[in-house]
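S.K.:
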Amino acid sequence: MKVNLSVRQATQQDIPTIRKILDGAVTHKLLRGDSSWGFVQYEGEPIETSVANGSAYVATFGDDTVGTFVLVGEDKIWGPQPPEAAYLQRLAVDYHFHRQNIGAQMINLAAAEGKKFGRTLLRLTCASGNAKLCAYYE
């Protein structure tokens, strides 16, 4: 099933929803033996920071916020790189909307957002030991 998503930069009002989606993603990952995002709730960069600097986005379907991601111009994990790529971080889909191809659509929408800033590539980082996740992203 394909839903018609749109994305927009997140606002302060989106922070509780983003937190709920990321906390749900932590629970989902923990059930699969992956603690890379925390052990109880999301423990990465503060959501407020990403919203304030304009790098946090939400994906919506109708009136529902179904996912979130962060899009930045550099990622220290990749080391120094020419300014040709946008970096996708913290991609998460609300668990109520799993299995609807939303993650793949969000990746495509993130790439389109990156192109608005002159970035022709989209790079993302995930745990290299998670073969299933790496295959999904490739």
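Here my numbering is used: the first residue of the sequence shown is 960, the next is one more, and so on.
Just so you know, even glycine gets a beta-carbon here, dropped at the ideal spot from N, CA and C.
In this structure, how does DSSP classify Arg978 when only helix, strand and coil are distinguished?
M.R.: Helix, per DSSP.
S.K.: Looking only at its own chain, which residues have a Cβ that is under 7 Å from the Cβ of Gly1013, when we skip the five neighbours before and after it?
M.R.: Counting only Cβ-Cβ distances below 7 Å, and skipping sequence neighbours, we find Gln968.
S.K.: If you count every other CB in all the chains shown that lies within 10 Å of the CB of Leu981, and 16 or more means buried, which is it?
M.R.: Its Cβ being crowded by 16 or more others within 10 Å, Leu981 is buried.
S.K.: Please determine, among Ala1070, Met1065 and Ala1018, the residue with the shortest C-alpha to C-alpha distance to Ile977.
M.R.: Looking at the Cα atoms, Ala1018 is the closest of the given residues.
S.K.: So is Tyr1054 buried or exposed if we call it buried at 16+ other beta carbons inside 10 Å?
M.R.: Tyr1054 is exposed by the Cβ-count criterion.
S.K.: Judging by CA-CA distance, which residue of Ala1069, Arg991 and Gln1000 is the nearest neighbour of Leu964?
M.R.: If we check each option's Cα against that of Leu964, Ala1069 comes out closest.
S.K.: Over the uninterrupted beta strand (DSSP E) stretch that includes Ala969, give me the two end residues.
M.R.: Counting along the chain, Ala969 falls outside any beta strand (DSSP E), and DSSP gives it neither H nor E.
S.K.: Taking the alpha-carbon positions, what's the Leu1030 to Gln1048 distance?
M.R.: Going from the Cα of Leu1030 to the Cα of Gln1048 covers about 6 Å.
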